[in-house]
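Engineer: Numbered per our numbering, the sequence shown spans residues 7 to 77. Even for Gly, the Cβ is constructed at its ideal location relative to N, Cα and C.
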Amino acid sequence: MLTAHIGKAMQVADYKILEDGTYCGTIPKCPGVIAFDSTLEGCRRQLQEVWEGWILLGLQDGDSLPVIGGI
Numbered sequence: 007m008l009t010a011h012i013g014k015a016m017q018v019a020d021y022k023i024l025e026d027g028t029y030c031g032t033i034p035k036c037p038g039v040i041a042f043d044s045t046l047e048g049c050r051r052q053l054q055e056v057w058e059g060w061i062l063l064g065l066q067d068g069d070s071l072p073v074i075g076g077i
C-alpha cells in the first residue's frame, strides 16, 4: 500500500523549470515536499526521497497521509 501511495504521489508531482535553468518539484497536497536539481531526473529522485522521508516522519508522529489518486 505504501509503495502504491508513493507511486501515485510521484505521478501527480509538479515540475517547473526555474529562471536559472534548474528544476523544482513539488507534490500537491503535501506542504514542504519540495526538491531542486539541475536535471529533471535528479529532481524526481530527490523529490521521491523527500516524499518518503515526509511519509515516515508523519507516520512516526501519528499523522494521516493525504489521499492522492484515491489512495
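Measuring only the C-alpha atoms, how far is ILE3 from LEU46?
Structural biologist: Lying before the first or after the last residue shown, residue 3 is absent from the chain, which here runs from 7 to 77.
Engineer: Out of ILE77, GLY38, ASP43, state which residue places its alpha-carbon closest to the alpha-carbon of ASP26.
Structural biologist: Here the closest residue by C-alpha is ASP43.
Engineer: Below 8 Å on the Cβ atoms is my guess for ALA19 versus LEU53; work out the distance and round it to an integer in Å.
Structural biologist: ALA19 to LEU53, Cβ: 6 Å. Contact.
Engineer: Roughly how many angstroms lie between the CA atoms of LYS35 and HIS11, to the nearest whole one?
Structural biologist: Between LYS35 and HIS11, the C-alpha separation is close to 13 Å.
Engineer: Under the three-state reduction of DSSP, which class applies to THR9: helix, strand or coil?
Structural biologist: The answer is helix: DSSP assigns THR9 an H, G or I state.
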